[in-house]
Amino acid sequence: MFKVSSNPHIRAKDTTARLMQYVVIALLPTTVFGVFHFGLHALLLILVTVATTVCTEYIYDRCMKKKISIGDFSSVVTGLLLALNLPPEAPLWIGIIGGVFAIIVVKMLFGGLGQNFMNPALGARCFLLISFTSIMTNFDCDAYTGATPLAAIKAGEGAPELLDMIIGRTSGTIGETSMIAILIGAVFLLVLKVIDLRVPGSYILSFVLFLLLFSGHGFDFTYILSELAGGGLMLGAFFMATDYVTRPITKNGQYVFGIFLGIMTGIFRLFGPSAEGVSYAIILGNLLVPLIEKMTKPTAFGKSKAKKEAA
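Written as structure tokens, this is what we have:
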């Protein structure tokens, strides 16, 4: 008999736990940089958020009399991604509330890993943004005060030096500032073939094309690189949009998904009230995944396209 289970389906020696461990390792460069850059409170916030997601999943499984699932490390990844999307001086209770919401509301109530309809970390971040806007948009800390690079660009103010934005010597969330650290982790996942470039590549290229057409800056590559390095796009493209559960499983669908994310991020950033938009773009994309998969479902071997459309 065949064993039927929810995705992600891996036809290799790698287990879900091992893949999640690879993601944690890939996130270490940006995590270490964030702690070095923003200080010990950022480290404490990361530890509290990760502990909250792990403990919440454990308690839920015990209360529901289900098999304990924290061994797959998915709750660790959720907690770490959520923490990296928080302001460095956010109070610890923000990480606790966000961690509980991510695990209970977005993940476990829909059946656990493989059943959640959106990325739990981003779902929790958007919930926190809506519920505690002033806290989630306050990026003042001991090292920096004032607007983030994207906010400064949107307001027409002088943005930080491009090199500082690429290295990460700017304000922002704990894990989004250093483009170099994010790319180091992304290369690690690409080399191990945990992810590929279909989603992040189409995401970034479509976003750049959108900027070229509608930003009013034309072929100003300093502006384009500033938009890529100054916010959460790189972290979102390589670590959240590539989530096995909430991205399309069809190859063509992954291209469509990435292009949609690029366009929506461009719309949010250029025409929306906020300077960001990555989180909302990915969540909207997650909601459209069933439709994208239906539209890009390949024709079964032995069946013509006409028969498929007639069916």
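Residue numbers (our numbering): 4 to 314. The C-beta atom is built at its ideal place from N, Cα and C for all residues, glycine as well.
Item, Value
"Could you tell me whether the Cβ atoms of Phe383 and Phe104 are closer together than 8 Å?", "Lying before the first or after the last residue shown, residue 383 is absent from the chain, which here runs from 4 to 314."
"Should Ser137 be labelled buried (16 or more other beta-carbon atoms within 10 Å of its own) or exposed?", "exposed"
"Could you tell me the boundaries of the alpha helix (DSSP H) in which Asp167 lies?", "165-170"
"How would you write the range of the alpha helix (DSSP H) that Met111 sits in, first residue to last?", "No alpha helix (DSSP H) holds Met111; DSSP gives it neither H nor E."
"Under 8 Å between the Cβ atoms of Ala240 and Ile207?", "yes"
"Please state whether DSSP places Ser282 in a helix, a strand or coil.", "helix"
"Nearest to Thr55 by alpha carbon, out of Ala86, Gly204, His40?", "Ala86"
"Quick check on the burial criterion: 16 or more other C-beta atoms within 10 angstroms. Buried or exposed for Ala154?", "buried"
"Rounded to a whole number of angstroms, what is the C-alpha to C-alpha distance between Leu125 and Ile295?", "20 Å"
"Just checking my contact of Thr176 with Pro152 at CB under 8 Å: how many whole Å lie between their CB atoms?", "Incorrect: roughly 12 Å between the Cβ atoms, too far for contact."
"Can you tell me which of the three DSSP states Thr18 falls into?", "coil"
"Could you give the C-beta distance for Ala29 and Val38, rounded to a whole number, given that I count them as a contact under 8 Å?", "Not really, about 16 Å apart at Cβ, beyond 8 Å."
"Please list, in chain order, all residues of the same chain as Tyr283 whose beta carbon is under 7 Å from its beta carbon, the five residues on each side excluded.", "Cys129, Phe271"
"Determine the direct distance from the alpha carbon of Thr140 to that of Ile133, and round the result to whole angstroms.", "10 Å"
"Using a Cβ-Cβ cutoff of less than 6 Å, which residues in the same chain neighbour Val51 once the five nearest sequence positions on both sides are dropped?", "Leu95, Gly98"
"Kindly indicate the opening and closing residues of the alpha helix (DSSP H) around Asn141.", "First-last for Asn141: undefined, no H or E at that position."
"Please state whether DSSP places Phe120 in a helix, a strand or coil.", "coil"
"Is it true that the CB of Met23 sits closer than 8 Å to the CB of Val80?", "yes"
"In terms of residues, what are the limits of the alpha helix (DSSP H) holding Asp246?", "No alpha helix (DSSP H) holds Asp246; DSSP gives it neither H nor E."
"For the alpha helix (DSSP H) holding Pro3, just list the boundary residues, first then last.", "As shown, the chain starts at 4 and ends at 314. That puts residue 3 outside it, with no answer to give."
"Just mark Ala278 as buried or exposed, buried being the case when its beta carbon has 16 or more other beta carbons within 10 Å.", "buried"
"Go to Ala93, then tell me how far its alpha helix (DSSP H) extends in each direction, as first and last residue.", "From DSSP, Ala93 is part of no alpha helix (DSSP H); its letter is neither H nor E."
"Among the candidates Ile185, Phe210, Thr253, whose CA atom is the shortest distance from the CA of Thr34?", "Ile185"
"Rounding to the nearest angstrom, what Cα-Cα distance links Leu165 and Leu195 in this structure?", "30 Å"
"In three-state terms, what does DSSP make of Asn88?", "coil"
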